[in-house]
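Contents: one structure, followed by commentary.
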Amino acid sequence: MTQNTDNQVYRVIMDGYFLADTSKTQVVRKLKRLFGATEEKILNMLDGQPTIIKNQLPKNRAYQYLRTITNAGAACHIDKMNMTGPEETTQLPVHIERISEIGKIDPLGKIKESISESNSFSEDMRQELLEMDQVHNKSDLVIISLFIFLFLVLIATVIFLSLF
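The letter at position 77 of the sequence shown is residue 1450 when you use this note's numbering, and the numbering goes up by one with no holes.
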């Protein structure tokens, strides 16, 4: 079983569109901060075409990227990649080569720029992941505290009413 999980890596793919009930300007601002990229580059990533954000990530890291990008308001998904065999996808096969990348392809079809360089997240992204995890943990604590408070108020009300 350990051998099987060692071979499981994932890639993060931004679907190219905004999630419902999100503000375009707010999503662009958040993604600019996450990726450390220009507004033009972010808008190109949200043009309706899928973009590979990161390759060969362990499952937990891929889900961190997924959660952060979707919390920013952009549609995103992950695909499982198998290092020893053919790739498995969670959706129908999609041609994910970017139209904007065509100019970067040499006659042999190799991309001149390294994908890992162009798709690496900035230090801001790492910081945002940490902040979002902290906010998530704090919000869970607040919700639990509210439920406990409401339960105690309910008990106090029942005791008070039973006295009369």
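Glycine residues also receive a C-beta, built at the ideal position from the N, C-alpha and C atoms.
Phe1391: member of the beta strand (DSSP E) spanning Gln1381 to Phe1391, first to last residue. Take the alpha-carbon of Tyr1390 and the one of Ser1535: they are about 57 Å apart. Ile1425 is positioned such that its CB atom lies closer than 8 Å to that of Ile1386. Counting along the chain, Gln1399 sits inside no beta strand (DSSP E); it lies in the alpha helix (DSSP H) bounded by residues Lys1397 to Phe1408. Per DSSP, Leu1419 lies in no beta strand (DSSP E) segment and is marked neither H nor E. A contact between stretches requires three or more CB pairs, one per stretch, nearer than 8 Å, and the segment 1399-1414 fails this requirement with the segment 1429-1437. DSSP places Thr1530 within a helical segment (H, G or I) once states are collapsed to three.
One Cα belongs to Ala1448, the other to Ile1415, and the distance between them is close to 13 Å. Per DSSP, the beta bridge partners of Ala1447 are Phe1391. Between Lys1403 and Phe1522, the alpha-carbon positions lie close to 34 Å from each other.
Here Ile1442 has Val1385, Met1387, Leu1404, Leu1407, Ile1426 and Cys1449 as same chain residues with Cβ atoms under 8 Å from its own Cβ, once five neighbours each way along the sequence are excluded. Counting of Cβ neighbours within 10 angstroms places Ala1445 among the buried residues, the total reaching 16 or more. Setting aside the 5 residues that flank it on each side, Val1400 is surrounded in the same chain by Phe1391, Ala1445, Gly1446 and Ala1447, each with a C-beta closer than 7 Å to its C-beta; the list follows chain order. The C-beta separation of Val1382 from Gln1429 comes to about 5 Å, placing the pair in contact by the 8 Å criterion.
When rounded, the separation of the alpha-carbon atoms in Phe1524 and Asp1506 is 27 Å.
Among the bridge pairs identified by DSSP, Leu1439 is matched with none.
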